[in-house]
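Colleague:
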């Protein structure tokens, strides 16, 4: 075999081994190290922008999606300024920005989008339901209950009752 052909074959083998190594590395990362949703209904997302206490933009599979947190309504802090609106917004922003992982779950109990074309979502920060945390902090001024049997309704109501007893947030 000529020296020239031997060199060419070595380069081809090195290239093939590199591709094989990258494929194995991708498989190992995906299988063992990549973040995985904690349940089949959930998707891992990244925060794009926190708008206020109950609204945010997330990147879902690379696409920017505006969303509204299901079941809760926090005081306004954008166009209209309401009592504790800024605090509710800051609380939510801190929860989302400091989360190691954010997961969302689409509404399975009713509409998936509201009249403003926002995705209606359950949001989880580090495995905990964000709506429950917001309620426990005392920032839920009312519930958006359209007659559906919402999956996490009882958890949120209980957290809000605890906030009332502790006199936190809106209940100070």
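In the UniProt record's numbering, the protein residues as written are 1 to 172.
Here a beta-carbon is modelled for each residue, glycine too, at the ideal position from N, C-alpha and C.
(1) Tell whether a beta-carbon distance below 7 Å holds between residue 171 and residue 138.
(2) What do you get for residue 107, buried or exposed, if any count of 16 or more other CB atoms within 10 angstroms of its CB means buried?
(3) Here's a check: name, in chain order, each residue in its chain whose Cβ is nearer than 6 Å to the Cβ of residue 16, leaving out the five neighbours to either side.
(4) Hey, could you find the ends of the alpha helix (DSSP H) residue 92 is sitting in?
(5) Would you call residue 19 buried or exposed, if buried means 16 or more other Cβ atoms sit within 10 Å of its Cβ?
(6) Once the 5 residues before and after residue 153 are set aside, which same chain residues still bring their CB inside 7 Å of it?
(7) Output the distance between the C-alpha atoms of residue 93 and residue 164, rounded to the nearest integer angstrom.
(8) Where do the ends of the beta strand (DSSP E) carrying residue 136 lie?
(9) Would you mind reading off the limits of the alpha helix (DSSP H) that contains residue 153?
(10) Spatial neighbours of residue 78 within its chain, please: C-beta separation below 6 Å, excluding the five flanking residues on both sides.
(11) Can you pull the DSSP bridge partners for residue 103?
Modeller: Per the coordinate set shown:
(1) One-based indexing of the chain shown puts residue 171 at position 171. One-based indexing of the chain shown puts residue 138 at position 138. Their beta carbons are under 7 Å apart, which means residue 171 touches residue 138 by this criterion.
(2) Against the chain shown, residue 107 aligns to sequence position 107. Counting Cβ neighbours within 10 Å, residue 107 comes out buried, since at least 16 surround it.
(3) Stepping through the chain shown from its first residue, residue 16 is reached at position 16. No residues qualify anywhere along the chain.
(4) Taking the chain shown and counting its residues from 1, one reaches residue 92 at position 92. Looking at the DSSP string, the run of the alpha helix (DSSP H) that includes residue 92 is 85-97.
(5) Stepping through the chain shown from its first residue, residue 19 is reached at position 19. Per the 10 Å Cβ criterion, exposed.
(6) The sequence position of residue 153 within the chain shown is 153, counting from 1. The answer, listed in chain order, is 71.
(7) Here the question's residue 93 lines up with position 93 in the chain shown. Here the question's residue 164 lines up with position 164 in the chain shown. Those two C-alpha atoms are separated by around 22 Å.
(8) The residue labelled residue 136 in the question sits at position 136 within the chain shown. Looking at the DSSP string, residue 136 is not in any beta strand (DSSP E); the run it does join, the alpha helix (DSSP H), is 130-136.
(9) Counting from 1 along the chain shown, the entry for residue 153 is found at position 153. It spans 153-166 - the alpha helix (DSSP H) in which residue 153 sits, taken as one unbroken run.
(10) Position 78 of the chain shown, counted from the first residue, corresponds to residue 78. So the qualifying residues of the chain are 52.
(11) Position 103 of the chain shown, counted from the start, is the residue given in the question as residue 103. Residue 103 is bridged to 44 and 124.
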